[in-house]
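> Here it is: the structure, laid out below.
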């Protein structure tokens, strides 16, 4: 064996380190400018982000199912390799279809990683009798990852301005390659493999698991509420860049504000366990909806303020709200983990991610036409109202269930 794997007790640390290198997204704070550099418009950016979500939606369950059938360690490595290929295409080419190909590879990578990595981490902890530490360990993973992304985001704006677009992508490529190599050192975990019943096709087996999750009295709301909420926070996060352009904020400052968003994500990930245990399910969900509401209002004020100082303050708060999504993802995934069988874990978590992508893809594609033809204020107002209305029903059902973690 060329790569000698580490002991199982070191697996969470190796996964965290690999993920940090993968997510050093130096291009992130100036992604809309990068799209323009490659010949695309702001509307094209939101259209392609919507298509990206469709890609993830289509790939999510099959790739999660792969994580239940095959080695989760190898699936994680494959996801890193897919990221590398996507950024390599961006480095070498330009134009709509090259960017779209890159986003397809990112969607494949995201789908391969999402349910599988969470399932792998849970299996590592369960093997050591520490599965009750899943929220804390997932929080550590997301905290360190997000701090890495925050560093890349703070520096990305400066790198883009002084090194140029392609050199920024090149540095990102090297970082992802290091992360990929690290995943090869992850230990294989003896997992409970999914055994398909005799005479039953794998497609029918996938659909049966998805149907079970969608009809489960608790799991369906633990998927639906985070799906709608994450759509709202994602729109606010991507909306920060056109808001900064509108407020005439200098390009090198983009990284600072987007970095604040990543720093807030890191804090939410770090304290998700304590926040959830302090507020419990109902107050935790109500807190999130309240800050999302004020986040949408802040975006609307930012459009009309036409004042760089007022907008700067509002952008910090918008970054805070956008970062809250990670706390809900960690908590809801943990609660779902306690309610599913080991041989269905990656598939069910992928169904959860799929729910999120349904709402995100519809929202982002609609933004293409709204940003191009209606402007920032009408876009944020319309999408904000729709998101908040769609949040009410799953929120009410969760509040009635009064769920505990287990």
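Numbering (the numbering used here), first residue to last: 4 to 409. Glycine is no exception: its CB is placed at the ideal position from the N, C-alpha and C atoms. Keep in mind the model is a prediction, meaning the values are calculated, not measured.
Go ahead and label residue 115 buried or exposed: buried means 16 or more other beta carbons lie within 10 angstroms of its beta carbon, across all protein chains shown.
In the chain shown, residue 115 corresponds to position 112, counting from 1. Buried, since its Cβ has 16 or more Cβ neighbours within 10 Å.
> According to DSSP, simplified to helix, strand and coil, what is residue 253?
As a position in the chain shown, residue 253 is number 250, starting the count at 1. Note: residue 253 maps to coil in three-state DSSP.
> To the nearest angstrom, report how far apart residue 29 and residue 403 are at their CA atoms.
Walking along the chain shown from the start, residue 29 turns up at place 26. Walking along the chain shown from the start, residue 403 turns up at place 400. Between residue 29 and residue 403, the C-alpha separation is close to 43 Å.
> Three or more C-beta pairs closer than 8 Å, one from the segment 101-113 and one from the segment 128-145: is that the case here?
Because the criterion of three Cβ pairs below 8 Å is not met, the segment 101-113 and the segment 128-145 do not touch.
> Which residues in the same chain have their Cβ closer than 6 Å to the Cβ of residue 171, if we skip the five residues on either side of it in sequence?
Position 168 of the chain shown, counted from the start, is the residue given in the question as residue 171. Hits under 6 Å: 29, 30, 162, 163.
> For residue 240, which residues in the same chain have their Cβ closer than 7 Å to its Cβ, ignoring the five residues on either side in sequence?
Counting from one through the chain shown, the residue named residue 240 turns up at place 237. Within the same chain, residue 240 has close Cβ partners 264, 325.
> Taking residue 153 as the reference, give the member of 25, 261, 380, 370 with the closest Cα.
One-based indexing of the chain shown puts residue 153 at position 150. Taking only the C-alpha atoms, the option nearest residue 153 is 261.
> To the nearest angstrom, report how far apart residue 292 and residue 232 are at their CA atoms.
To locate residue 292, count along the chain shown from 1; it is residue 289. To locate residue 232, count along the chain shown from 1; it is residue 229. Approximately 8 Å, taken between the alpha carbons.
> Where residue 24 and residue 87 are concerned, what is the direct C-alpha to C-alpha distance, given to the nearest angstrom?
Reading the chain shown from its first residue, position 21 is the one you call residue 24. Reading the chain shown from its first residue, position 84 is the one you call residue 87. Cα to Cα, the separation comes out at about 12 Å.
> Can you grab the Cα-Cα spacing for the pair residue 365 / residue 229, in whole Å?
Along the chain shown, read from residue 1 onward, the residue named residue 365 stands at position 362. Along the chain shown, read from residue 1 onward, the residue named residue 229 stands at position 226. Residue 365 and residue 229: Cα-Cα distance of roughly 16 Å.
> Report the residue ranges of all alpha helix (DSSP H) runs contained in full by the segment 326-374; include only those spanning at least 4 residues, in chain order.
The segment 326-374 contains these whole alpha helix (DSSP H) runs: 328-340.
> What's the call for residue 95, buried or exposed, on a 16-neighbour Cβ count within 10 Å?
Against the chain shown, residue 95 aligns to sequence position 92. So residue 95 counts as exposed.
> Can you give the beta carbon distance from residue 76 to residue 180, rounded, assuming they're within the 8 Å contact cut?
Within the chain shown, the letter at position 73 stands for residue 76. Within the chain shown, the letter at position 177 stands for residue 180. Contact flag wrong, Cβ pair sits at about 18 Å.
> Which residues bound the alpha helix (DSSP H) around residue 101?
As a working mapping, residue 101 is identified with position 98 in the chain shown. Segment 99-130, the alpha helix (DSSP H) holding residue 101.
> Of the residues 249, 329, 182, which one's Cα is nearest the Cα of residue 20?
On the chain shown, position 17 is the one that residue 20 refers to. Cα-wise, what sits closest to residue 20 is 182.
> If you count every other CB in all the chains shown that lies within 10 Å of the CB of residue 22, and 16 or more means buried, which is it?
By 1-based counting over the chain shown, the position of residue 22 is 19. Classification of residue 22: buried, given that the 10 Å Cβ count is 16 or more.
> Can you give me the start and stop residues for the alpha helix (DSSP H) that residue 377 sits inside?
Locating residue 377 in the chain shown gives position 374, counting from the first residue. Run containing residue 377: none; DSSP gives neither H nor E here.
> Could you check the C-alpha separation between residue 267 and residue 144 for me, to the nearest Å?
By 1-based counting over the chain shown, the position of residue 267 is 264. By 1-based counting over the chain shown, the position of residue 144 is 141. Whole-angstrom Cα-Cα distance: 15 Å.
> Decide if residue 298 is buried, meaning its Cβ has at least 16 other Cβ atoms within 10 Å, or exposed.
Residue numbering aside, residue 298 sits at position 295 when the chain shown is read from its first letter. Buried, since its Cβ has 16 or more Cβ neighbours within 10 Å.
> Excluding the 5 residues flanking residue 113 on each side, which residues of the same chain have their C-beta closer than 7 Å to its C-beta?
For the purposes of this step, residue 113 is taken as the residue at position 110 of the chain shown. Excluding sequence neighbours, residue 113 sits near 59.
> Closest by CA to residue 316, which one among 246, 334, 380, 371?
Along the chain shown, one-based indexing puts residue 316 at 313. Cα-wise, what sits closest to residue 316 is 246.
> Going along the chain, which residues of its own chain have a beta-carbon closer than 8 Å to the beta-carbon of residue 294, five neighbours each way excluded?
As a position in the chain shown, residue 294 is number 291, starting the count at 1. Closer than 8 Å at Cβ, skipping near neighbours: 323, 324, 327.
> Tell me which residue opens and which closes the alpha helix (DSSP H) that residue 166 is part of.
Position 163 of the chain shown, counted from the first residue, corresponds to residue 166. Residues 137-166.
> Given 6 Å as the limit, tell me if residue 267 has its C-beta closer than that to any heavy atom belonging to the ligand COA.
With respect to small molecules bound, the structure shown includes none, and the ligand COA cannot be examined in it.
> Assign residue 167 to buried or exposed, taking buried as 16 or more other Cβ atoms, counted over all protein chains shown, within 10 Å of its Cβ.
As a first step, residue 167 is located in the chain shown; it is residue number 164 there, counting from the start. Exposed.
> Taking DSSP as the reference, what is the three-state secondary structure of residue 3?
Nothing can be reported for residue 3: it is not among the residues displayed for the chain, which extend from 4 to 409.
> Three or more C-beta pairs under 8 Å: does that hold for the segment 272-279 against the segment 331-342?
With a cut-off of 8 Å, the segment 331-342 and the segment 272-279 count as touching, because enough Cβ pairs lie within range.
> Is the beta carbon of residue 111 closer than 7 Å to that of residue 85?
Counting from 1 along the chain shown, the entry for residue 85 is found at position 82. Counting from 1 along the chain shown, the entry for residue 111 is found at position 108. Yes, they are a contact pair.
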